[in-house]
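Asker:
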């Protein structure tokens, strides 16, 4: 795909970072306040979740929804959605994938957060719509758990795509997408700049994973 300039707007690459990903909403609010249009977003993990929330609800609605979640029983019972893997943990995951396959606990029977619980959490934030029906261009980045390949999701269920991009290996079960099992995009694209550039340019990359 050849990227093209976005007339009068920016494309954002929103990285992961657990709860620190909430800072993405601040960036988006500042751009809105300055009258800078956002023509496209590519997001990984919490960047995908909060970018999608902003597209669906706007700045005020997105911030209100995040506050509601933090105060809710769901957040206290299930902090998994905004969990953040360590850099060391990611290196191990990628090495195991690239050297012959990650032994997923979903297969071996070990304890994991269920797909259903993760989808319930995502459903708290996002409507049940398709990515291609969103306003503007939106792309979710995930990782193929069998090959370690970077996967771009531009069509299909928004909730399932965001859940897949947020599924931290070893914590949350991978999600099926066609014939693939997908997990957190942070393993291959902590900040999804390449995916954003393919949507158009200029691109602003937003990284919040470091304290």
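Residue numbers (our numbering): 1 to 211. Idealized CB from N, CA, C, for every residue including glycine. If you're wondering where the values come from, they're calculated on a predicted model, not measured in any experiment.
Keeping to the same chain, check which residues put their C-beta closer than 7 Å to that of residue 39; ignore five residues upstream and five downstream.
Answerer: Cβ neighbours of residue 39 beyond the five flanking positions: 6, 9, 10, 11, 136, 137, 200.
Asker: Indicate the three-state DSSP secondary structure (helix, strand or coil) for residue 171 in the structure shown.
Answerer: DSSP places residue 171 in coil when its eight states are reduced to three.
Asker: Please classify residue 203: is it buried, with 16 or more other beta-carbons within 10 angstroms of its beta-carbon, or exposed?
Answerer: By the neighbour-count rule (16 or more Cβ atoms within 10 Å), residue 203 is buried.
Asker: Grab the span of the alpha helix (DSSP H) containing residue 184 for me, first residue to last.
Answerer: Careful: residue 184 lies outside any alpha helix (DSSP H), inside the beta strand (DSSP E) at 180-184.
Asker: Please classify residue 192 as buried or exposed, where buried requires at least 16 other C-beta atoms within 10 Å of its C-beta.
Answerer: Answer is buried; the Cβ neighbour count reaches 16.
Asker: State whether the stretch 43-57 contacts the stretch 116-136, with contact taken as three or more CB pairs (one from each stretch) at a distance under 8 Å.
Answerer: Because the criterion of three Cβ pairs below 8 Å is met, the stretch 43-57 and the stretch 116-136 touch.
Asker: If residue 129 sits next to residue 161, beta carbons under 8 Å apart, how far is it from one beta carbon to the other, in whole angstroms?
Answerer: In fact, because the Cβ distance is near 11 Å, the residues do not count as touching under 8 Å.
Asker: Give the single residue among 142, 190, 195 whose Cα lies nearest to the Cα of residue 177.
Answerer: It is 142.
Asker: Note down the Cα distance separating residue 208 from residue 14, rounded to an integer number of angstroms.
Answerer: Using only the alpha carbons, I get a separation of about 9 Å.
Asker: Taking residue 64 as the reference, which of 140, 115, 139, 25 has the closest Cα?
Answerer: Residue 64 has its Cα closest to that of 25, out of 140, 115, 139, 25.
Asker: Between residue 175 and residue 167, how many whole angstroms is the CB-CB distance? I'm expecting something under 8 Å.
Answerer: Residue 175 to residue 167, Cβ: 6 Å. Contact.
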